[in-house]
Amino acid sequence: MARNKIALIGSGMIGGTLAHLAALKELGDVVLFDIAEGTPQGKALDIAQSGPVEGFNARMSGANDYSAIEGADICIVTAGVARKPGMSRDDLLGINLKVMEQVGAGIKKYAPNAFVICITNPLDAMVWALQKFSGLPKNKVVGMAGVLDSGRFRHFLAEEFNVSVEDVTAFVLGGHGDTMVPLARYSTVAGIPLPDLIKMGWTSKEKLEEIIQRTRDGGAEIVKLLKTGSAYYAPAASAIEMAESYLKDKKRVLPCAAHLSGQYGVKDMYVGVPCVIGEGGIERVIEIELNKTEQKAFDKSVESVAGLCEACIAIAPNLK
Ligand code: APR
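Numbering (numbering that gives the first Met the number 0), first residue to last: 0 to 319.
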């Protein structure tokens, strides 16, 4: 059986980490693409040379021409600019929207059957624009945000409770980062919901609020520390989890920025919701009932994503 072809559009910090993880997990042969000459080629060669040491079989190549992604089974998009200290994700909108137009055209021409995972920020607006620019089916274009946001939440919770991260689950909805909506009653330690853990004295309501705020600001905290760019290990690991579910038809239930066509009362927007990812792409959007407080937070999040989509339309009216 032929190996999967994994195209990475953008070969910067996240792109390089994606390539390394895909190789280590033997998910398929990897093509790194970038407009910067030499970067994808150099990273491909470097990772390929770790193959004999690590013992993986995956062909690695780098390219500056979209024809190299021809026939890709999956495309993971990180092309664009990343945040610097003091910048919000939304500050990236104008530049990255233009990048999405080019990337969308490249995917449309050479990899129209691929499952596309977008990571470029501001995520919820960029994945929405990328789907429109590429013309690919809506269930085949998805944004990576929720796995990362819940990963951050799970890490902080596991630290607070002094238990394994493996036994902490988190349920998040809504836009990426700042407007993320964590659902405490569906977030658990080995099935015990957070409100019960508060009652059991494992943590306090105030401490939980602090953790939620730190999760929302998780990206900015790292930007501030790194000074020259934004997070890349956890974003890459999160996208690889989604890619693996598609390539192996695992049908994982993961929070993703998915296209909504009425679910949660939202139409023609990408917002973070729990989804089933399998060979059909986004096979199902799971719709749960929200209580008043959750609905209010979700609506606020949707409103901020809608504002970003409006800003995109002001720059590129053809997105309407
Ligand atoms: N086409 C292809 N690649 C491009 C284009 C383009 N039009 N414009 C820029 N790139 C490439 C850059 O050359 C660079 O190698 O995208 C890469 C981005 O890499 P980094 O700057 O290292 O950014 P990274 O940390 O990987 O983050 C990428 O993901 O999480 C988001 O906010 C983050 O939007 C950012 C993206």
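Cβ coordinates follow ideal geometry from the N, Cα and C atoms, glycine included. As the structure is a prediction and not an experimental result, all values here were calculated from the model.
Residue range of the beta strand (DSSP E) that Met-86 falls in?
Sequence index remark: in the sequence shown, residue 86 carries index 87 (1-based). Looking at the DSSP string, Met-86 is not in any beta strand (DSSP E), and its letter there is neither H nor E.
Extract the residue ranges of the alpha helix (DSSP H) inside the segment 214–292, only unbroken runs of 4 or more that lie entirely within it.
The qualifying runs are 217–225, 232–246.
Would you mind stating whether Leu-26 and Ala-219 have Cβ atoms separated by less than 9 Å?
Start at 1 with the first residue of the sequence shown, and residue 26 comes out as number 27. Start at 1 with the first residue of the sequence shown, and residue 219 comes out as number 220. Contact: no.
For Leu-23, report the span of its beta strand (DSSP E) as first-last.
Against the sequence shown, residue 23 aligns to sequence position 24. Run containing Leu-23: none in the beta strand (DSSP E); it sits in the alpha helix (DSSP H), 12–23.
How long is the line joining the alpha carbons of Glu-240 and Gly-145, rounded to whole angstroms?
As a position in the sequence shown, residue 240 is number 241, starting the count at 1. As a position in the sequence shown, residue 145 is number 146, starting the count at 1. Those two C-alpha atoms are separated by around 12 Å.
Are the beta-carbon atoms of His-154 and Val-140 separated by less than 9 Å?
In the sequence shown, counting from the first residue as 1, residue 154 sits at position 155. In the sequence shown, counting from the first residue as 1, residue 140 sits at position 141. Going by C-beta atoms, His-154 is not nearer than 9 Å to Val-140.
For Glu-159, decide whether its Cβ has a neighbour in chain C, counting only Cβ atoms nearer than 9 Å.
No chain C appears in the structure shown, which is made up of a single protein chain.
Quick one: residues in its chain with C-beta nearer than 8 Å to the C-beta of Lys-107, no 5 flanking neighbours on either side, listed in chain order?
The residue given as residue 107 occupies position 108 in the sequence shown. Once the five neighbours on either side are set aside, the close Cβ partners of Lys-107 are Phe-132, Ser-133, Gly-134, Leu-135.
Which residue marks the beginning of the beta strand (DSSP E) containing Val-30, and which one marks its end?
For this step, residue 30 is matched to residue 31 along the sequence shown. Run containing Val-30: 28–32, per the beta strand (DSSP E) assignment.
Output the distance between the C-alpha atoms of Asp-267 and Val-80, rounded to the nearest integer angstrom.
Mapped onto the sequence shown, residue 267 falls at position 268. Mapped onto the sequence shown, residue 80 falls at position 81. Their Cα atoms are separated by approximately 26 Å.
Tell me the DSSP secondary structure of Leu-129 in three-state form.
Residue mapping note: residue 129 aligns to position 130 of the sequence shown, counting from 1. Three-state DSSP puts Leu-129 in a helix.
Quick check: the Cα distance between Gly-190 and Val-171, rounded to an integer number of angstroms?
As a position in the sequence shown, residue 190 is number 191, starting the count at 1. As a position in the sequence shown, residue 171 is number 172, starting the count at 1. Near 16 Å, if we compare the C-alpha coordinates of Val-171 and Gly-190.
Confirm the yes/no value for this check: CB of Arg-151, any heavy atom of the ligand APR, distance under 8 Å.
One-based indexing of the sequence shown puts residue 151 at position 152. No; taking the cut-off as 8 Å, the Cβ of Arg-151 has no heavy atom of the ligand APR nearer than that.
Taking one C-beta from the segment 37–52 and one from the segment 84–102 each time, how about it: are there three or more such pairs within less than 8 Å?
Cβ pair count under 8 Å is below three, so no.
Relative to the C-alpha of Ala-230, which candidate in Lys-83, Leu-7, Val-29, Cys-308 has its C-alpha closest?
Position 231 of the sequence shown, counted from the first residue, corresponds to residue 230. Among Lys-83, Leu-7, Val-29, Cys-308, the Cα nearest to that of Ala-230 belongs to Lys-83.
Is the segment 184–201 close to the segment 30–47, with three or more CB pairs under 8 Å?
Counting Cβ pairs under 8 Å, fewer than three are found: no touch.
Tell me whether the segment 275–289 and the segment 304–319 touch, counting them as touching only if at least three CB pairs, one residue from each stretch, are closer than 8 Å.
Touching, no, given that fewer than three Cβ pairs across the two stretches are closer than 8 Å.
As an exercise, report each continuous alpha helix (DSSP H) stretch of at least 4 residues that is fully enclosed by the segment 115–168, in chain order.
Complete alpha helix (DSSP H) runs here, min 4: 122–133, 145–160.
Around the Cβ of Ser-66, are there at least 16 other Cβ atoms within 10 angstroms (buried) or fewer (exposed)?
Your numbering for residue 66 matches position 67 in the sequence shown. So Ser-66 counts as exposed.
If you follow the alpha helix (DSSP H) that Val-52 is in, where does it begin and where does it stop?
Along the sequence shown, read from residue 1 onward, the residue named residue 52 stands at position 53. Here the alpha helix (DSSP H) through Val-52 covers 50–53.
Considering only heavy atoms of the ligand APR, does any lie closer than 8 Å to the CB of Pro-84?
The residue labelled residue 84 in the question sits at position 85 within the sequence shown. Pro-84 Cβ: outside cutoff for every heavy atom of the ligand APR.
Taking Val-76 as part of the beta strand (DSSP E), name the residues at either end of that continuous run.
Working through the sequence shown from its first residue, we reach residue 76 at position 77. Here the beta strand (DSSP E) through Val-76 covers 73–76.
Across which residues does DSSP place Ile-8 in a beta bridge pair?
Here residue 8 corresponds to residue number 9 of the sequence shown, with the count starting at 1. In DSSP, Ile-8 forms a bridge with Phe-32, Val-76.
Comparing the CB of Asp-72 with every heavy atom of the ligand APR, is any distance shorter than 8 Å?
By one-based count along the sequence shown, residue 72 stands at place 73. It does not: the Cβ of Asp-72 is nowhere closer than 8 Å to a heavy atom of the ligand APR.
Roughly how many angstroms lie between the CA atoms of Ala-315 and Lys-97, to the nearest whole one?
Numbered from its first residue, the sequence shown carries residue 315 at position 316. Numbered from its first residue, the sequence shown carries residue 97 at position 98. In a straight line, the C-alpha of Ala-315 is about 9 Å away from that of Lys-97.
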